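Visitor:
There are 2 protein chains.
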Amino acid sequence: MRKVVMHAPRDVRVEDVERPRIVEPTDAIVRLAATCICGSDLWPYRGADEIIRPQPMGHEYCGVVEEVGSAVRDVEVGQFVVGSFFASDGTCEICRSGYQTGCVHRQPGAPEGAQAEYARIPLADGTLVATPGMPDADLVPSLLAASDVLGTGWFGAVAAEAGPGKTVAVVGDGAVGLCAVLAAKQLGAERIIAFSRHADRQALAREFGATDVVEERGEEGIARVRELTGGLGAHSVVEAVGTHESMHQAIGSTRAGGHVGFVGVLHDVTITGDDIFMTHVHLHGGPAPVRRFLPDLIDRIWKREIDPGRVFDLELPLEEAAEGYRAMDERRATKVLLRP
Amino acid sequence: MRKVVMHAPRDVRVEDVERPRIVEPTDAIVRLAATCICGSDLWPYRGADEIIRPQPMGHEYCGVVEEVGSAVRDVEVGQFVVGSFFASDGTCEICRSGYQTGCVHRQPGAPEGAQAEYARIPLADGTLVATPGMPDADLVPSLLAASDVLGTGWFGAVAAEAGPGKTVAVVGDGAVGLCAVLAAKQLGAERIIAFSRHADRQALAREFGATDVVEERGEEGIARVRELTGGLGAHSVVEAVGTHESMHQAIGSTRAGGHVGFVGVLHDVTITGDDIFMTHVHLHGGPAPVRRFLPDLIDRIWKREIDPGRVFDLELPLEEAAEGYRAMDERRATKVLLRP
Chain A
1 MRKVVMHAPR DVRVEDVERP RIVEPTDAIV RLAATCICGS DLWPYRGADE
51 IIRPQPMGHE YCGVVEEVGS AVRDVEVGQF VVGSFFASDG TCEICRSGYQ
101 TGCVHRQPGA PEGAQAEYAR IPLADGTLVA TPGMPDADLV PSLLAASDVL
151 GTGWFGAVAA EAGPGKTVAV VGDGAVGLCA VLAAKQLGAE RIIAFSRHAD
201 RQALAREFGA TDVVEERGEE GIARVRELTG GLGAHSVVEA VGTHESMHQA
251 IGSTRAGGHV GFVGVLHDVT ITGDDIFMTH VHLHGGPAPV RRFLPDLIDR
301 IWKREIDPGR VFDLELPLEE AAEGYRAMDE RRATKVLLRP
Chain B
1 MRKVVMHAPR DVRVEDVERP RIVEPTDAIV RLAATCICGS DLWPYRGADE
51 IIRPQPMGHE YCGVVEEVGS AVRDVEVGQF VVGSFFASDG TCEICRSGYQ
101 TGCVHRQPGA PEGAQAEYAR IPLADGTLVA TPGMPDADLV PSLLAASDVL
151 GTGWFGAVAA EAGPGKTVAV VGDGAVGLCA VLAAKQLGAE RIIAFSRHAD
201 RQALAREFGA TDVVEERGEE GIARVRELTG GLGAHSVVEA VGTHESMHQA
251 IGSTRAGGHV GFVGVLHDVT ITGDDIFMTH VHLHGGPAPV RRFLPDLIDR
301 IWKREIDPGR VFDLELPLEE AAEGYRAMDE RRATKVLLRP
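Protein chains in written order, with the UniProt record's numbering: chain A, 1 to 340; chain B, 1 to 340.
(1) Between which two residues does the beta strand (DSSP E) containing A/Gly63 stretch?
(2) Identify every run of the beta strand (DSSP E) within the segment 277-305 of chain B, keeping only runs that are complete inside it and at least 3 residues long; order them along the chain.
(3) Using a C-beta cutoff of 7 Å, does A/Gly273 count as contacting chain B?
(4) Name the chain A residues that come within less than 9 Å of B/His280, Cβ to Cβ?
(5) Heavy atom of the ligand FAD less than 6 Å from the Cβ of B/Val104, yes or no?
(6) Leaving out the 5 sequence neighbours to the left and right, which residues in its chain are closer than 7 Å to A/Arg10 when beta-carbon positions are compared?
(7) Could you give the residue range of the beta strand (DSSP E) that holds A/Ser236?
(8) What is the C-beta distance between B/Asp173 and B/Ile193, in whole angstroms, given that I count them as a contact (C-beta under 8 Å)?
(9) What did DSSP end up calling B/Ile222 once you bin it into helix, strand or coil?
(10) Extract the residue ranges of the alpha helix (DSSP H) inside the segment 179-223 of chain B, only unbroken runs of 4 or more that lie entirely within it.
(11) As an exercise, report each continuous alpha helix (DSSP H) stretch of at least 4 residues that is fully enclosed by the segment 52-112 of chain A, in chain order.
(12) Can the beta-carbon of B/Leu182 be found closer than 7 Å to that of B/Pro308?
(13) Measuring only the C-alpha atoms, how far is B/Val225 from B/Ala160?
(14) Use the C-beta contact count for A/Thr35: other C-beta atoms within 10 angstroms, 16 or more gives buried, fewer gives exposed.
(15) Does A/Lys3 pass the burial test, meaning 16 or more other C-beta atoms within 10 Å, or should it be called exposed?
(16) What would DSSP say about B/Thr254, mapped onto helix, strand or coil?
(17) Can you tell me where the beta strand (DSSP E) holding B/Val12 begins and where it ends?
(18) State the beta-bridge partners of B/Ala169 as determined by DSSP.
(19) List the whole-angstrom C-beta distance separating B/Ala110 from B/Ala119, where the pair is believed to meet the contact cut-off of C-beta under 8 Å.
(20) Please confirm whether A/Ala256 has its beta-carbon closer than 7 Å to some beta-carbon of chain B.
(21) Nearest to A/Leu143 by alpha carbon, out of A/Thr91, A/Gly165 and A/Tyr61?
(22) Return the CA-CA distance between A/Val12 and A/Pro54, expressed in angstroms with no decimal places.
(23) Hey, would you say A/His235 sits closer than 7 Å to A/Gly264, going by beta carbons?
(24) Enumerate in chain order the residues of its own chain whose CB-to-CB distance from B/Gly58 is below 6 Å, with the five nearest sequence positions on each side excluded.
(25) Which residues mark the beginning and the end of the beta strand (DSSP E) in which B/Pro44 is found?
(26) Along chain B, which residues have their Cβ under 9 Å away from the Cβ of A/His267?
(27) Let me confirm a value: A/Met247 is counted as buried when at least 16 other C-beta atoms fall within 10 Å, else exposed. Which label applies?
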């Protein structure tokens with residue numbers, strides 16, 4: 001089969017490899033209907049993360065179950081499934097509390113990569129969720145988005161306690177930030193402030209439910225949110241970038257007693273007592289337990305209530321993965337869908 | 001009247017001063033039934049906080065209303081009242097959301113000091129809560145505790161989401177930590193782990209509801225909590241010290257998806273992305289909005305369901321305040337009650 005492998009920064013190749021096989025009896029093999037490139041895939045691409053050996057890429061996936069291990073009970077061959085970027089057993093205390101990304105048996109969701117024709121998914125019963133039937137083609141991008149960016153934005157909004165009567169601000173206008181806007185709207189937020197400087201992303205944010213757009217950043221951005229909220233700050237702020245600056249922009253935009261939900265992978269972030277003591281903010285986040293939300297997200301997509309697949313603004317055949325990486329690196333695309 | 005004034009580190013005097021007067025029409029003057037020395041009063045006493053001019057001390061108080069300003073509506077002369085260490089208007093959006101210590105008109109609860117015979121309390125209607133009648137003498141220490149240490153420990157337990165079925169750990173065995181143990185018990189926690197190395201505090205922690213005591217600190221303390229919780233960590237951890245080490249002990253003792261409620265005034269604490277991203281902990285705390293809890297706490301004390309006054313292990317006349325400071329500084333007392 002064909003699979004995307006990164007050999008070095010900016011050296012992405014599509015190669016012939018053997019189809020993955022069942023390793024553990026709890027595994028499933030999924031024939032991928034669609035996969036995609038994640039913002040986090042750009043870290044090694046840009047040389048920020050070291051590549052020690054040729055690295056299979058991709059952790060977002062949906063498709064049809066081709067084969068299951070002998071211990072798999074709930075997932076059946078022929079089902080269309082969506083899974084998360086972390087595999088989880090679904091039975092441990094942490095999973096049952098809704099933190100499947102903290103599962104005591106946590107593993108990568110697609111250990112040999114998901115930018116490929118087939119992927120091996122561990123702990124299939126705990127990890128995969130079947131759709132009600134075979135999806136129409138136009139639903140596939142949205143189901144793929146549920147696998148990571150939608151689930152992550154949704155968790156950010158939940159962690160920030162977005163809901164009716166709340167003003168929600170979202171720091172970051174990438175695919176995750178845009179999905180957080182969509183989530184805040186679905187969760188009933190009254191007012192949604194999107195931080196964004198890009199006209200196309202501002203437009204999609206507004207379509208997803210943003211009521212206000214703030215172009216300023218840092219202290220100026222914070223001042224603007226306070227101005228929009230009677231001097232108090234937003235009730236709920238989603239941090240969807242992961243830098244020191246964006247985290248502090250999020251904390252500063254939150255009112256006393258408000259909630260920051262952070263889902264951007266944190267890089268070199270430092271928080272001091274002064275940032276969190278007198279400000280009374282709640283901080284919660286981390287790698288989204290997407291599995292918690294998948295049944296609900298699939299249901300909303302299936303009923304065509306939400307269309308998160310719109311975050312994909314470039315679609316390419318898997319063979320052209322290298323061009324997909326270039327397009328995201330050069331910011332010509334927000335999020336690239338790859339068709340195996 | 002007599003009042004405690006700190007002139008320099010270790011120089012605490014009781015002096016004759018004028019009785020405080022109504023300054024704003026929203027003020028009340030309270031004749032204090034009891035007051036006390038706070039752990040935070042030891043910061044200037046030990047020279048860690050600078051003393052620029054002679055400093056009136058004390059912010060914990062209860063007593064009888066002697067006089068009210070012309071705009072005071074809900075508080076009446078003759079009532080026995082308890083208030084918080086921050087005065088709050090009770091009407092702003094932040095107050096109404098339960099974060100009175102973040103009130104947009106926040107002021108010190110007793111701006112001219114509460115280690116005195118009388119104190120001026122600003123924003124009396126928002127700040128003071130009357131008891132159902134004149135309390136029996138044995139209830140006064142508990143009502144005084146409600147003013148700060150009980151309210152603060154209670155907020156720590158609430159911020160850590162202590163409740164039925166939960167395992168709660170408490171870092172810090174001072175008056176606040178002990179009150180957090182009491183709060184966790186009252187809130188229905190199933191198991192309460194107190195970190196403590198002092199036999200007398202361990203004993204009171206157990207009387208207040210602790211089921212386990214851990215003497216180890218740091219990594220060893222964390223390992224011990226994990227051992228006691230099937231490797232997972234506690235659901236809820238209250239941080240009642242405020243140092244970098246104690247905060248990290250609290251975070252490390254918390255399970256994925258669990259809650260840290262921090263109420264120790266944070267000193268030189270640094271938190272990185274690694275501390276909060278993959279660990280999935282919730283962080284929330286700050287100066288306790290004691291006012292939120294006062295009606296409930298007074299009710300529980302009035303019904304003799306709780307006896308938080310037991311944290312006072314030394315009682316002295318106000319005249320002997322200097323000895324009270326010495327006793328706390330030398331750790332001969334956990335918490336000193338002063339009788340005006």
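Each residue gets a CB set at the ideal place from its N, CA and C atoms; glycine is no exception.
Predicted model, so just to flag it, every value in this text is computed and none were measured.
Guide: Reading it off the structure:
(1) For A/Gly63, the enclosing beta strand (DSSP E) stretches over residues Tyr61 to Val68.
(2) Taken in chain order, the whole beta strand (DSSP E) runs of length 3 or more contained in the segment 277-305 of chain B are 282-285.
(3) Yes, A/Gly273 lies at the interface with chain B (some Cβ there is under 7 Å from its Cβ).
(4) Per Cβ cutoff of 9 Å: Ile94, Tyr99, Thr101, Gly102, His284, Gly285, Gly286, Pro287 and Pro289.
(5) As presented, the structure is devoid of all ligands, the ligand FAD included, so that no description of it is given.
(6) For A/Arg10, where only same-chain residues beyond five positions count, the Cβ hits under 7 Å are Tyr45.
(7) It spans Ala234 to Glu239 - the beta strand (DSSP E) in which A/Ser236 sits, taken as one unbroken run.
(8) Actually they do not touch by this definition, with Cβ atoms about 12 Å apart.
(9) Three-state result, B/Ile222: helix.
(10) Restricting attention to alpha helix (DSSP H) runs no shorter than 4 residues, the segment 179-223 of chain B encloses them at 199-208, ordered along the chain.
(11) Assignment of alpha helix (DSSP H) within the segment 52-112 of chain A, counting only whole runs of 4 or more residues, yields 93-96 in chain order.
(12) Yes, the pair counts as a contact, with Cβ atoms nearer than the cut-off.
(13) Computed Cα separation, rounded: 16 Å.
(14) Looking at its Cβ environment, which holds 16 or more other Cβ atoms inside 10 Å, A/Thr35 is buried.
(15) It counts as buried.
(16) Looking at B/Thr254 - three-state DSSP - the assignment turns out to be strand.
(17) Segment Asp11 to Asp16, the beta strand (DSSP E) holding B/Val12.
(18) B/Ile193 and B/Val237.
(19) Cβ-Cβ separation between B/Ala110 and B/Ala119: approximately 4 Å, consistent with a contact (criterion under 8 Å).
(20) By this cut-off, A/Ala256 is an interface position.
(21) That would be A/Tyr61, whose Cα lies nearest to the Cα of A/Leu143.
(22) Rounded to the nearest whole angstrom, the CA to CA distance from A/Val12 to A/Pro54 is 10 Å.
(23) No, they are not a contact pair.
(24) Contacts found: Thr35, Gly113, Ala114 and Gln115.
(25) Premise fails: B/Pro44 lies in the alpha helix (DSSP H), Leu42 to Tyr45, not in any beta strand (DSSP E).
(26) For A/His267, the chain B residues whose Cβ falls inside 9 Å of its Cβ are Gly273, in order along the chain.
(27) Label assigned to A/Met247: buried.
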